[in-house]
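First to last, the sequence lines map onto chains A and B.
Using numbering that gives the first Met the number 0, read the first sequence as starting at 0 and increasing by one per residue.
Using numbering that gives the first Met the number 0, read the second sequence as starting at 0 and increasing by one per residue.
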Amino acid sequence: MVMRFSDPFEALFALQKQLDARLASDWLGNSTANSGAYPPINIFQQQDDFVAIVELPGVSKSDLTIEAKERTLRISGKKTLDYQDNASIHRRERLAGSFDRTITLPINVDPDRIKAEYRDGILALFIPRAEADKPRAIEIE
Amino acid sequence: MAAAKDLEVQKKRAVQSPEESTVPANMFVPITDIFETNDSLRVLVEMPGVDKQNVDISVKDRILTIEGRIDFQKYARMTPVYTEYNIGNYHRRFSLSNKVDSSKIKAEMRDGLLTLTIPKSEEAKAQRVEIS
């Protein structure tokens, strides 16, 4: 079987382009702390709905809290480093601490139907757009 | 431990290598902690989004190579609308001293964190000398 590389990477290029265009985008505009806030979030559109993907390596599921209210999503928790006593450190790059980040979405969502999945250090939040917010085709009488 | 401090985002560092990869993908240097206990060397590597089946760990000529591949297919049919970080595979190499036994590496992957336990060789273990 010949593996085609182009398809999966298209997503990546779209992501790169979006990163470059971020400064010009008004998505989430003033509704979140400046970039640099932990954890970093990417938001994707999937048909009518949205998916937020958050990188949280080394954070265990039990240390993670997600709350949703109206248009607001809050992700908070803590990351701990598990060193053994009397360990001598050769290289220390990972950071520990707590985080609390709130984002306000520029769309009406259905908070009761938000689903969260946490796997391999990645949190995926499936955010359905509110029914009332979806565009409707209008029949001409 | 000190009072919980607020976490900061650590910007991903791209792999600097003289060769280019054949596919135009990003390659990042995973954030790593290394520490030593009485009987082993522990290497903790953060590779979010990497399933344990997509991790390759090898030791050749005392060079430990860690590679993690993410599943780009998960991003198919999704259009980014707001982004703060990029995604890509992970690659990092470390040279090991002869004081560890690289044939007995144990690896564990959990929540995007790879933990390698490399036992020290017998002669490298601290010997406690009793005064008679």
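In this text, a Cβ means the ideal position worked out from N, Cα and C, and glycines have one as well.
Check for me: the beta strand (DSSP E) holding threonine 71 of chain A runs from which residue to which?
71–78
Which of helix, strand or coil does DSSP assign to glutamine 44 of chain A?
Secondary structure of glutamine 44 of chain A (DSSP, three-state): strand.
Of the residues that make up the region 23–35 of chain B, which ones have a beta carbon closer than 8 angstroms to any beta carbon in chain A?
Pro23, Ala24, Asn25, Ile30, Thr31, Asp32, Ile33, Phe34 and Glu35
Output, in chain order, the set of chain B residues within a Cβ distance shorter than 7 angstroms of lysine 78 of chain A.
Leu6
Looking at the secondary structure, which residues open and close the beta strand (DSSP E) in which tyrosine 81 of chain B lies?
Judged by DSSP secondary structure, tyrosine 81 of chain B falls within the beta strand (DSSP E) whose first and last residues are 78–81.
Beta carbon of phenylalanine 43 of chain A, beta carbon of proline 79 of chain B: below 7 angstroms?
In terms of Cβ geometry, phenylalanine 43 of chain A and proline 79 of chain B form a close pair [threshold 7 angstroms].
Anyone know if the C-beta pair for glutamate 38 of chain B and lysine 103 of chain B falls short of 7 angstroms?
The amino acid occupying residue 38 of chain B in the given sequence is aspartate; glutamate does not appear at that position. Contact flag unset, no.
Which same chain residues, not among the five before or five after leucine 104 of chain A, have their C-beta less than 6 angstroms away from its C-beta?
Arg70
Please confirm if arginine 12 of chain B has its CB atom under 7 angstroms from at least one CB of chain A.
no
Helix or strand or just coil, what does DSSP make of aspartate 19 of chain A?
helix
I'd like to know if arginine 135 of chain A contacts chain B, where contact means its C-beta is closer than 7 angstroms to some C-beta of that chain.
Not closer than 7 angstroms to any Cβ of chain B, the Cβ of arginine 135 of chain A fails to qualify, so no.
So, does the CB of isoleucine 40 of chain A fall closer than 7 angstroms to a CB anywhere in chain B?
yes
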